[in-house]
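**Student:**
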Amino acid sequence: MAKIDISTRDGPSGTVILKVGGSLDAHTVPKFESALRELIEKGKCKIIVDFARLDYISSAGLGVFMSVIDDTRGKGGDIKLVNLTDKIYKIFELLGFDQLFQIFKSESEAVAAF
Amino acid sequence: MPEVERSWRLEIPSDTSRLADVRDFVACIARESGFAEEDVYKIEMAVDEACANIIEHAYRGEKKGRAARIALEFRVIRDGDRLEIVITDRGIGFDFDSVKPVDLKSHIRQRRSRGLGVHLIRTFMDEVEYRTVEDAGNQLRLIKYIRDEWR
C-alpha cells in the first residue's frame, strides 16, 4: 500500500516548508491536499514544497498543485518546488509543469525567489 | 509469434489502496523487458492512471470500500522491442477518444485537479487504444517501444 509522509515547518521570510515523502498517488492525495489547503486557509501562502523524499507522483498529485496554485498567488504567495529527483523533474518537464511552477535546487534559492 | 506472452488476473479492492502494488508489478515487467528506468517510470505511471480511472469511474455507483472487489485482467506481450500491455475491466465503458488534449493553463484558471490522466497516458506511451468489446469488457491497449539509444 502506498505511504505518504508529510511534515511542515515555518521557514525564513514568512515561508512555510512542506516536506512530502513516499508516494503521492490517487490513494494518498487527499491527505496531502488537506495539508496544503490547511496552510492556505491559515494565510500561509508562501509555500515551498520539498520533494527530496518523494518517490512517486501521479496525475492526482500533479492535479492538486494545479487546483490550489492560483489561491496562493491570489494572496500574494506561490508554491515553489525544491529538491525534485531527476526522475520526477523529467516527468514535470515532459508534461509541461516546469513552465507553470518555479522549481529550485534548494530551499534557500526558493526562499530568495519570494 | 511474440517472444513472451503472459496473462495475469488481479483481484483488488474497489478503492485506490492497492495501486502501489499494481505499479510495482508493472515496473518489474518493464524492467525485465529491458526498458531504461526513465521509461519504466513512464509505463508505471500510465498503468497507474489507467487503473485509477477504472477504479474511480468504471465501477462508480457500485459499493465502495475494501469489502467490494474488482477484477483487472492484464495481458503482457513482449515482441522484440515492443511491449504491449492490455488492461481489461468489466465496468462501465469510457469514451477515451472524446478526451481532448489538456490545456494546463486553463486547468489552473479553473482550479481543476482532475482530467490529467488520459493526457499523461497519451504522453508517456507510444500507442494507446481503447475499445469496448461485447461480452469481453473494456480493453485499454498500451504500447511502448524500447528506444535504440538504451540498447
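Top to bottom, those sequences are chains A and B.
Numbering (this note's numbering) for the first sequence: 1 to 114.
Numbering (this note's numbering) for the second sequence: 115 to 265.
All C-beta atoms, glycine included, are put in the ideal place defined by N, C-alpha and C.
#1: Compute the Euclidean distance between the alpha carbons of A/SER23 and A/ALA2, then round it to the nearest angstrom.
#2: Return no unless some Cβ of chain A is closer than 8 Å to the Cβ of B/LEU197.
#3: Are B/ARG242 and B/LEU230 closer than 8 Å when you measure CB to CB?
#4: Express the C-alpha separation of A/LYS90 and A/ILE103 in angstroms, rounding to a whole number.
#5: Residues of chain A with CB under 8 Å from B/GLU152, in chain order?
#6: Could you tell me how far apart the beta carbons of B/THR282 and A/LEU100 are, in whole angstroms, since I believe they sit closer than 8 Å?
#7: Can you tell which of A/VAL16, A/SER7, A/ASP5 and A/ARG9 has the C-alpha that lies nearest to the C-alpha of A/GLY77?
#8: Cβ of B/TYR173 within 8 Å of Cβ of B/GLY205?
#9: Is there a Cβ of chain B sitting closer than 8 Å to that of A/VAL20, yes or no?
#10: For a test of the three-state rule: what should DSSP assign to B/PRO127, helix, strand or coil?
#11: Look up B/ALA172 in the DSSP assignment and say whether it is helix, strand or coil.
#12: Using the DSSP secondary-structure output, state which residues sit across from B/ASN252 in a beta bridge.
#13: Looking at B/ASP162 and A/SER58, is the spacing between their C-beta atoms short of 8 Å?
#14: If you measure from the beta carbon of A/ALA26 to each beta carbon in chain B, is any gap under 8 Å?
#15: Who are the neighbours of A/VAL16 on chain B, taking C-beta pairs under 9 Å?
#16: I want to know whether the segment 138–145 of chain B touches the segment 153–167 of chain B - three or more CB-CB distances under 8 Å.
#17: Interface residues of chain A around B/ASP162 at Cβ under 9 Å?
#18: Using the C-alpha atoms, what's the distance from B/GLY148 back to A/GLY74?
#19: With H, G and I counted as helix, E and B as strand and the rest as coil, what does DSSP make of B/ALA182?
#20: Hey, out of A/ILE4, A/ARG9 and A/CYS45, whose CA is closest to A/PHE114's CA?
#21: Determine the DSSP secondary structure at A/ASP70, reduced to helix, strand or coil.
**Tutor:** According to the structure data:
#1: 6 Å
#2: no
#3: First, the residue type needs correcting, since residue 242 of chain B is Val and not Arg in the sequence shown. Going by C-beta atoms, B/VAL242 is not nearer than 8 Å to B/LEU230.
#4: 12 Å
#5: LYS87 and LYS90
#6: A question about residue 282 of chain B goes unanswered here, because the residues of chain B that appear run from 115 up to 265.
#7: A/VAL16
#8: yes
#9: no
#10: strand
#11: helix
#12: B/ASP203 and B/THR246
#13: yes
#14: yes
#15: Those within 9 Å of A/VAL16 in chain B number zero; the least Cβ separation is about 21 Å.
#16: yes
#17: ASP25, ALA26, TYR56, SER58 and SER59
#18: 47 Å
#19: coil
#20: A/CYS45
#21: helix
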